[in-house]
Amino acid sequence: MEDVSLFLLLCSVLAGYLLGIFSGLLPGIHTNNFALALVALAPFLAEKGIAPFYIALIILSNAVSHTF
């Protein structure tokens, strides 16, 4: 596994947290919408140097903050 950057880790959690708040407050927007968009953008993000680990972290923190 590649070196995990603390900065990217915190940014991923923060991005997922903010997306979860957004999806929790607006009707019709769900965690699955963001998960689908992030999975669809995964090849593009991988080209830019963002590992799939961080994408999964965004989805996970989005799901947790949407629930609570």
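In the numbering used here, the protein residues as written are 136 to 203.
Glycine included, every Cβ here is placed at the ideal spot set by N, Cα and C.
Restricting attention to P178, S140, D138 and A150, the CA atom closest to the CA of N197 is found in A150.
Taking the Cβ atoms as the reference, A170 lies roughly 5 angstroms from I194, within the contact range of under 8 angstroms. With contacts defined as CB atoms closer than 8 angstroms, Y189 and L143 qualify as a contacting pair. Per the coordinates, the alpha-carbon of C146 lies some 10 angstroms from the alpha-carbon of L153. Per the C-alpha coordinates, the member of V199, A191, S200 and F203 positioned closest to L173 is A191.
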